[in-house]
Amino acid sequence: MAMQTVKFYQTGTFTVGNRLLAPHERSVQAEAQRANALTSGHRACQGCGEALGARYAIDAAMRATGDRIVAVNATGCLEVFSTPYPETSWQVPWIHSLFGNAAAVASGVAAAMRMKGRDDVRVIAQGGDGGTTDIGFGCLSGMFERNDDVLYICYDNEAYMNTGVQRSSATPPAARTATTPAMGAEPGNVFGTGKNVPLIAVAHQIPYVATASVANLRDLEYKVTRAMGFRGARYLHIHVPCPLGWGSAPADTIRVARLAVESGLYPLFEAINGEIASSTPIRRRVPVTDYLRLQKRFAHLFAPGGEARVAHIQAIADRNVVRFDLVREPA
Amino acid sequence: MLRQIEGSRGIAEGVALCRPQVICAYPITPQTHIVEGLGEMVKTGGLPACEFINVESEFAALSVAIGSSAAGVRTYTATSSQGLLFMAEAVYNASGLGLPIVMTIGNRAIGAPINIWNDHSDAMSMRDAGWIQLYAETNQEALDLHVQAFRLAEELSCPVMVCMDGFILTHAYERIDVPSQQDVDAYLPPFEPRQVLDPAEPVTIGAMVGPEAFTEVRYLAHHKQLRALDRIPQLAAEFAARFGRESGGLIRPYRTEGAETIVVALGSVNGTVQEVVDEMRADGVAIGSVGITSFRPFPLAALRAVLAGARRVVVLEKCLAVGLGGIVSDGVRKSLSGIALNGYTVIAGLGGRAITRSSLRRLFDDAGRDALAQVTFLDLNTDLIEHELEREGSARRSGPTAEALLRRLGSVSSRIG
Amino acid sequence: MDKPFAITLDVGSSLANKTGSWRTMRPVYVDRLPPCNHACPAGENIQGWLYHAEGGDYEAAWRLLVEDNPLPAVMGRVCYHPCEGACNRATVDAAVGINSVERFLGDLAIARGWAFEPPARETGKRVLVVGAGPSGLAAAYHLRRAGHAVALVEAGPHAGGMMRFGIPKYRLPRDVLDAEVRRILDLGVELTLNRKVADIRAEMTGGGFDAAFLAVGAHIGRRAYIPAGSAARMLDAVSVLRGMEGEDKPMLGRRVVVYGGGNTAIDVARTARRLGASEAIIVYRRTREKMPAHDFEVEEALQEGILIKWLSTIRNMADEGTLTVERMKLDDKGFPQPTGEFETLEADSLVLALGQDVDLSLLDGVPGLVIRDGVVEVGANMMTGHPGVFAGGDMVPSERTVTVAVGHGKKAARHVDAWLAGGDWKPPEKHELATPGHLNPWYYADAPKTVRPMLDLVRRTSSFDEVQGGLDEGNALFEARRCLSCGNCFECDNCYGVCPDNAVIKLGPGKRFRFNYDYCKGCGICVSECPCGAIRMEPEHL
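Residue numbers (this note's numbering), protein chains in the order written: chain F, 19 to 349; chain Z, 6 to 422; chain P, 9 to 550.
As structure tokens, then:
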């Protein structure tokens with residue numbers, strides 16, 4: 019029998035770092051000299067998933083480009099908590115214009131860089147789910163169809179958190195928000211609504227689309243790096259729990275994100291040129307209730323009468339598992 | 006070089022001479038011919054080293070412009086009417102960020118009712134957005150103002166709108182002296198941005214500013230426009246010295262010496278006004294006119310100096326502050342603070358209605374007798390209005406006013422001259 | 009760049025905003041006690057030496073291991089590894105094969121000829137160690153390394169004690185034992201064989217010893233009264249196993265019955281099979297669940313064709329080799345009670361494996377000693393009632409395993425050393441135990457299915473069967489890397505990575521991490537995501 023490469027098994031394969039790996043194999047976040055593109059002193063809430071996801075993504079992009087990036091930020095939590103006058107937490111060239119135009123501003127930056135003969139400088143646009151899937155969607159779609167050389171990153175925390183947790187088109191069914199209260203015959207967000215922007219991005223047949231999670235750093239860094247290997251429009255959708263809006267414990271941010279993936283509710287996949295190219299298998303599948311229970315926005319599901327709605331959510335997860343081939347028997 | 010070309014073509018060529026590197030636009034009548042011309046020049050190599058980006062909305066057009074300008078390249082866009090409103094949020098943002106974008110406004114009315122014809126409602130809606138607004142009297146001046154606008158914008162780090170009347174200028178074939186590239190290059194140096202997105206020197210642009218500094222930020226924007234009051238005449242003089250013609254400046258007085266009545270107007274209507282002034286002067290009437298080229302910053306002092314000796318001012322406006330009257334009149338009145346003279350606001354040319362010499366002559370004659378109401382709607386069809394008001398008063402659900410008016414008029418084309 | 013006021017800012021300027029003031033709880037790095045270390049009778053720092061082994065630094069691993077136990081190659085074969093029973097990895101997939109890695113390190117040390125560090129200084133004190141079994145050898149080693157002169161006196165012809173005379177060769181090859189004993193002697197321990205100490209006080213006075221450690225073991229096979237014919241062949245287990253070391257192997261016959269339920273009973277039965285018995289039957293009065301022998305030994309014995317009669321006692325043995333066995337049943341309290349049902353077994357010999365007693369004759373007349381149930385009472389410091397005389401191993405009340413004995417040797421040596429210096433040895437404060445609840449096992453990789461057979465092989469070959477051999481380096485490394493590092497930072501960078509506020513400072517290899525409390529908001533993600541439970545939240549003191 020052939021021996022497996024030993025490093026595969028070593029302690030903490032899924033941890034951020036690993037002293038046993040060669041330096042070039044280690045994650046960006048494990049580097050003592052990592053960029054910290056979003057540095058300390060920002061005003062994100064305790065346990066903010068978006069702050070974490072943004073640093074993960076931008077640091078990885080910096081490594082992939084040799085620190086040659088410009089970031090364009092939509093209005094939202096990320097923008098507000100990172101750049102209140104007189105202090106900014108960003109260490110990269112960064113601009114904030116409006117809520118709904120990050121993709122277009124990024125297109126302009128990319129065009130300018132081309133005109134200056136500086137197309138080594140890569141452009142990232144970023145925003146929350148509201149700025150991406152709702153108000154910024156027109157500009158996003160325009161940037162996609164023109165195939166502008168921009169990586170757009172959506173940090174999806176599934177509602178308008180900056181304004182006090184209102185529903186967005188990325189809010190999942192049953193979730194309680196300030197505009198979908200847990201009241202009445204159908205408490206929380208209505209089933210059968212919302213849109214899947216990653217798949218809409220795929221439909222634009224742009225070079226690269228991927229979903230990622232703050233709970234899977236290696237996968238996230240791989241996808242940012244991969245995205246930087248393409249020219250043209252690229253889209254990365256990162257799931258970032260919001261302790262405040264979701265009613266989860268700040269310490270549970272990564273746990274919650276992990277359970278979203280492991281339950282099948284948040285599938286991790288990649289698509290190239292309009293075709294789904296790969297998915298990241300679930301390591302240990304869990305029922306959706308493991309995920310839902312940690313969040314107060316879903317508390318009403320566990321009151322008497324919530325069973326059917328939980329079953330509905332489980333069915334959504336089950337469908338994802340089939341659709342994205344998330345549970346595989348090891349070869 | 007003198008050429009007989011459409012105004013839009015002239016603007017396109019003038020803008021091209023300014024060597025913009027990013028042009029982005031979304032089509033809207035009557036701006037389309039300008040950007041079509043530029044798109045063609047980019048495609049055919051007439052405008053090298055420039056990227057023309059077809060975007061999905063005016064909001065995106067100005068947003069792309071914000072991005073490219075912040076990344077340090079000269080950027081141009083154009084729009085009209087609803088398009089300007091659709092980009093309104095970005096209009097404020099571009100000036101707030103101090104980005105020297107130049108945008109042509111092919112002035113057009115704002116609906117509803119939808120109307121593609123000329124008035125100044127669109128640009129006026131953005132008068133407080135922090136942009137410099139220059140209004141062209143002729144196509145020649147429109148072209149020249151673009152050359153000056155890039156220089157002014159980049160010197161001050163402030164965006165500039167060059168406003169030209171839709172159709173009346175944009176679609177009019179006139180003789181235009183298209184300057185040489187050499188002269189434009191000599192007048193307009195390469196863009197050196199005040200701030201730029203550059204990995205070698207990273208900065209955060211567009212911070213959130215709270216009550217502790219917001220007023221100061223706003224004051225500095227105001228101060229920038231006050232500086233423009235000095236620079237605009239200087240740049241116009243410099244322009245005249247190089248190109249041999251008067252274009253731009255803050256205001257353009259016409260036969261105001263000893264005038265008892267002075268007409269104030271913006272844009273192409275000044276040509277008609279001047280003809281009527283000539284006619285009336287020939288008849289011995291002491292009348293003159295002033296064209297306001299720089300509406301923002303508003304030339305209070307320059308205007309005051311010209312108007313101070315008159316007995317009355319007639320402000321001829323192609324826009325309406327509904328519920329108040331004139332918009333330009335407000336500024337004019339402010340410039341006359343403490344000076345007692347009769348002021349009249351005349352709303353004219355809305356939605357493309359022709360402003361004829363005969364109507365103006367009648368109007369100015371009335372003004373000379375101080376027989377004007379404070380707010381006058383030029384050539385208002387009063388029968389129609391009375392009938393409609395009567396109908397509205399008799400029925401609680403009277404239906405859409407515009408439809409009712411059109412029904413009664415029967416035909417539109419006969420009225421737009 | 010001429011930056012516009014307020015709108016455009018200098019990068020990284022938020023460092024001026026010390027968000028640490030938001031905090032009501034603060035994370036602190038802690039070390040918790042790994043359950044393997046906690047369970048090890050020899051007090052090994054198992055997690056510590058696995059850490060070095062994970063990185064492939066086997067010599068460092070071995071050197072840390074022998075700080076506590078000088079007999080890793082032996083222990084890697086004969087220890088019943090309570091460490092593995094306690095291993096938290098069992099809650100993830102299966103316990104780390106600690107014992108097999110220990111054996112690998114022990115064997116590698118022998119192969120490479122690694123020697124112990126000589127003592128840094130000589131104290132001038134002389135210590136007598138009586139008995140060269142695991143406890144005596146361990147004590148001699150530790151005392152010598154502390155700089156004392158050590159005289160090791162052994163009554164038998166070889167060092168090793170029960171490791172040589174009680175454990176069959178198929179479990180512990182003698183060259184391995186000899187090599188590890190040799191290495192201890194090479195430190196300068198003076199060994200005298202074939203000399204039985206008859207009077208400890210006289211021995212100490214005569215030899216000018218400042219202290220003594222007694223570890224004479226329990227070598228007297230316990231007999232039970234079983235009526236037997238004069239020609240019946242009845243032996244005791246200790247004698248049988250001891251006899252295996254001589255030229256003449258014990259004559260047990262084709263049908264052998266072993267009476268008892270401990271590991272020794274199993275050893276004897278398996279030895280009998282290897283000596284050619286076609287039938288080896290263990291008779292035990294209770295059930296398998298109650299059997300003191302280790303389960304895996306029972307399993308291996310059954311695999312080798314050994315039969316076990318549960319709930320049975322032997323009533324008598326007739327001359328012609330017929331045993332009468334009475335069936336028992338457990339009462340409400342789990343004790344076996346006779347049923348009055350009998351059966352007979354044919355046996356050429358009956359071996360009694362009913363436990364061993366200690367020969368305490370050398371202590372006759374020593375004042376202050378307390379002997380209870382045939383063993384010597386010692387205090388927490390391993391000292392007998394007689395000052396300066398310490399004791400350990402099978403002769404004191406405890407579980408009788410090699411590992412416990414080695415632990416006694418180490419512990420006694422620490423106390424002897426302190427006592428000689430006129431003080432007490434205080435064991436270091438124990439950390440809180442690292443439990444599975446402290447861990448976040450998601451981060452530990454699963455062995456993929458493709459290599460499961462290899463994993464199984466690892467398990468098999470780590471099962472002390474010499475025929476199977478030990479781990480090779482690849483397997484050992486694999487096994488070592490399965491360690492979860494429970495309760496102790498292994499520098500996985502998780503806290504450093506998952507902090508949304510960059511409030512963890514990475515200090516570099518081997519130096520772990522430090523919290524930057526200027527910015528830590530106290531969210532606790534680092535605690536949740538620490539795989540090994542090395543961070544704790546504590547209330548902030550305002």
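Heads up, the beta-carbon is just placed ideally off N, CA and C, and yes, glycines get one too. Keep in mind it's a predicted model, so treat the numbers as computed, not measured.
Item: Closest residue to proline 304 of chain Z among Z:Pro204, Z:Phe382, Z:Gln138, Z:Thr350 (Cα-Cα distance); Value: Z:Gln138
Item: Given 8 Å, three or more beta-carbon pairs between the region 22 to 31 of chain P and the region 69 to 79 of chain P; Value: no
Item: Leucine 277 of chain F beta carbon less than 8 Å from that of leucine 254 of chain F; Value: no
Item: 6 Å Cβ shell around aspartate 77 of chain F - same chain, five flanking residues per side excluded; Value: Val46, Arg52, Ala53, Ala55
Item: For cysteine 157 of chain F, three-class secondary structure by DSSP; Value: helix
Item: Residues that aspartate 509 of chain P contacts on chain C, provided the C-beta gap is smaller than 7 Å; Value: Of the chains in the structure shown, none is chain C; the protein chains are F, Z and P.
Item: Beta-carbon spacing of histidine 156 of chain P, lysine 133 of chain P below 8 Å; Value: yes
Item: Length of the line joining the Cα atoms of proline 181 of chain P and arginine 303 of chain F; Value: 47 Å
Item: Sub-8 Å separation of glycine 541 of chain P and arginine 34 of chain P beta-carbons; Value: no
Item: 8 Å Cβ cutoff, arginine 180 of chain Z in contact with chain P; Value: no
Item: According to DSSP, residues forming a beta bridge with serine 125 of chain F; Value: Answer by DSSP bridge pairing: none, since serine 125 of chain F is not bridged.
Item: Neighbour-count burial assignment, phenylalanine 172 of chain Z, 16 or more Cβ in a 10 Å radius; Value: buried
Item: Chain-ordered neighbours of leucine 38 of chain F on chain P, where CB pairs are closer than 9 Å; Value: Glu62, Gly63, Gly64, Arg489
Item: Where asparagine 165 of chain F falls: helix, strand or coil (DSSP); Value: coil
Item: Neighbourhood of glutamate 45 of chain Z by C-beta distance below 6 Å, restricted to the same chain and skipping five residues each side; Value: none
Item: Cβ-based contacts, 7 Å cut-off: residues of the region 436 to 453 of chain P near chain F; Value: Trp450, Tyr451, Tyr452, Ala453
Item: N-terminal and C-terminal residue of the beta strand (DSSP E) that serine 299 of chain Z is part of; Value: 299 to 301
Item: Cβ neighbour criterion (16 or more within 10 Å) applied to aspartate 152 of chain F; Value: buried
Item: Contacting residues, own chain, Cβ-Cβ under 6 Å from valine 27 of chain Z (five flanking each side not counted); Value: Glu56, Ser73, Val78, Thr80
Item: C-beta atoms of valine 359 of chain P and valine 248 of chain P nearer than 8 Å; Value: yes
Item: Reduced DSSP secondary structure (H/G/I, E/B, other) of threonine 272 of chain P; Value: helix
Item: Rounded separation between aspartate 138 of chain F and alanine 40 of chain F - CA only; Value: 28 Å
Item: Per DSSP, cross-strand counterpart(s) of serine 296 of chain F; Value: F:Glu288
Item: Proximal residues to proline 25 of chain Z (C-beta, below 7 Å), its chain only, five neighbours per side dropped; Value: Cys55, Arg79, Thr80, Tyr81
Item: Option nearest arginine 232 of chain Z by Cα separation, candidates Z:Arg260, Z:Ser299, Z:Pro204, Z:Leu67; Value: Z:Ser299
Item: Cβ-Cβ separation, glutamate 499 of chain P to arginine 520 of chain P (assumed contact under 8 Å), whole Å; Value: 6 Å
Item: Nearest-angstrom Cβ-Cβ length linking glycine 67 of chain F and threonine 271 of chain F, presumed shorter than 8 Å; Value: 5 Å
Item: Under 8 Å (Cβ pairs) to chain P, residues found in the region 72 to 91 of chain Z; Value: none
Item: Closest residue to asparagine 119 of chain F among Z:Arg199, Z:Ala66, Z:Ser364 (Cα-Cα distance); Value: Z:Ala66
Item: Candidates P:Gly168, P:Ser406, P:Ser536: closest to cysteine 503 of chain P by CA position; Value: P:Ser536
Item: Beta carbon proximity, threonine 350 of chain Z to chain P, threshold 8 Å; Value: no
Item: Inter-residue Cα distance where the pair is leucine 193 of chain Z and serine 62 of chain Z; Value: 30 Å
Item: Buried or exposed by the 16-neighbour rule on C-beta atoms within 10 Å, applied to alanine 193 of chain F; Value: buried
Item: Endpoints, the alpha helix (DSSP H) within which proline 241 of chain F is located; Value: The question names proline, yet the displayed sequence has lysine at residue 241 of chain F. Segment 235 to 246, the alpha helix (DSSP H) holding lysine 241 of chain F.
Item: Expected contact under 8 Å - CB spacing of valine 152 of chain Z and methionine 6 of chain Z to nearest Å; Value: At roughly 15 Å, the Cβ-Cβ gap does not stay under 8 Å, so valine 152 of chain Z and methionine 6 of chain Z are not in contact.
Item: Extent of the continuous beta strand (DSSP E) run through isoleucine 71 of chain Z; Value: Not the beta strand (DSSP E): isoleucine 71 of chain Z falls in the alpha helix (DSSP H), residues 63 to 75.
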